[in-house]
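Notes for the one structure printed next.
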């Protein structure tokens with residue numbers, strides 16, 4: 047069964063600093079997709095970044111990058127130059143083929159000015 | 086990017102009444118839509134998957150007779166909470182998959198609907 051685990055319920059970072067959010071998952075599939083979603087207080091889910099499992103190169107989107115370790119089934123999110131607007135809940139998600147998402151329990155990120 | 090809307094954004098109803106929530110894809114055809122439920126400070130829990138023109142597939146433990154899902158067109162899916170009770174109070178989120186996108190497509194989420202049952 048597919049499971050997604052986020053072991054950090056809450057994290058804090060100083061503005062302009064770097065923070066890494068952890069995510070591990072369990073699957074028997076070899077081709078799948080991984081995502082990080084941000085959910086601000088408005089509760090609108092916003093796609094931050096995604097990674098195709100068949101790609102060895104780590105995905106990057108501006109200040110956001112991932113460290114994808116397929117063998118270890120690890121998918122961490124690094125946020126560089128943290129901004130106040132980055133404060134939100136962050137959910138790691140796994141999807142196989144066209145199927146549903148499996149979400150982690152979320153990490154609440156606080157950004158201190 | 087693709088836009089998904091939900092209506093209403095917040096609804097308050099009396100116990101025993103039924104409430105309908107709409108989910109629309111505004112600029113793409115959504116062959117598949119998903120309905121999630123989110124309790125405060127918790128993750129999203131998938132309730133059901135609906136494909137246009139066919140019956141929805143419900144997750145284990147979700148009462149199909151209580152949460153009626155209709156995906157009658159490529160741009161609209163509805164979730165009806167029948168005979169709502171206070172324990173049904175929650176945040177309901179829909180997402181939609183672009184039917185014309187490739188296998189690597191993502192899902193686009195609606196802004197959610199807050200349901201409060203008195």
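Protein chains in written order, with my numbering: chain C, 47 to 159; chain S, 86 to 203.
Backbone N, C-alpha and C define an ideal beta-carbon position, used for all residues, glycine too.
Does any residue of chain C have a CB that is nearer than 8 Å to the CB of residue i?
{"i": "residue 93 of chain S", "result": "no"}
{"i": "residue 192 of chain S", "result": "yes"}
{"i": "residue 124 of chain S", "result": "no"}
{"i": "residue 146 of chain S", "result": "no"}
{"i": "residue 113 of chain S", "result": "no"}
Relative to the C-alpha of residue i, which candidate in the options has its C-alpha closest?
{"i": "residue 141 of chain S", "options": "S:168, S:118, S:202, S:89", "result": "S:118"}
{"i": "residue 139 of chain S", "options": "S:179, S:153, S:145, S:128", "result": "S:153"}
{"i": "residue 123 of chain C", "options": "C:72, C:90, C:81, C:60", "result": "C:81"}
{"i": "residue 106 of chain S", "options": "S:126, S:143, S:167", "result": "S:167"}
{"i": "residue 137 of chain C", "options": "C:70, C:152, C:126", "result": "C:152"}
{"i": "residue 128 of chain C", "options": "C:60, C:55, C:53", "result": "C:60"}
{"i": "residue 120 of chain C", "options": "C:69, C:159, C:54, C:57", "result": "C:69"}
{"i": "residue 76 of chain C", "options": "C:85, C:88, C:101", "result": "C:101"}
{"i": "residue 104 of chain S", "options": "S:196, S:197, S:164", "result": "S:164"}
{"i": "residue 130 of chain C", "options": "C:110, C:146, C:159", "result": "C:159"}
Measure from the C-beta of residue i to each C-beta in chain S and report whether the shortest distance is under 8 Å.
{"i": "residue 90 of chain C", "result": "yes"}
{"i": "residue 116 of chain C", "result": "no"}
{"i": "residue 147 of chain C", "result": "yes"}
{"i": "residue 131 of chain C", "result": "no"}
{"i": "residue 34 of chain C", "result": "As shown, chain C starts at 47 and ends at 159. That puts residue 34 of chain C outside it, with no answer to give."}
{"i": "residue 151 of chain C", "result": "yes"}
Which same chain residues end up closer than 8 Å to residue i when comparing Cβ atoms and leaving out the 5 residues on each side of it in sequence?
{"i": "residue 159 of chain S", "result": "110, 114, 115, 116, 137, 184"}
{"i": "residue 79 of chain C", "result": "96, 97, 98, 99, 140, 141, 142"}
Within its chain, find whatever has a CB closer than 7 Å to the CB of residue i; leave out the 5 residues flanking it on each side and keep chain order.
{"i": "residue 147 of chain S", "result": "132, 133"}
{"i": "residue 118 of chain C", "result": "none"}
{"i": "residue 100 of chain S", "result": "169, 170, 171, 202, 203"}
{"i": "residue 93 of chain C", "result": "81, 83"}
{"i": "residue 194 of chain S", "result": "89, 178, 180"}
Would residue i pass as a contact of residue j if the rule is Cβ separation under 8 Å?
{"i": "residue 177 of chain S", "j": "residue 120 of chain S", "result": "yes"}
{"i": "residue 49 of chain C", "j": "residue 148 of chain C", "result": "yes"}
{"i": "residue 123 of chain S", "j": "residue 175 of chain S", "result": "yes"}
{"i": "residue 89 of chain S", "j": "residue 108 of chain S", "result": "yes"}
Who are residue i's beta bridge partners in DSSP?
{"i": "residue 93 of chain C", "result": "C:83"}
{"i": "residue 137 of chain C", "result": "C:83"}
{"i": "residue 158 of chain S", "result": "S:161"}
{"i": "residue 192 of chain S", "result": "S:182"}
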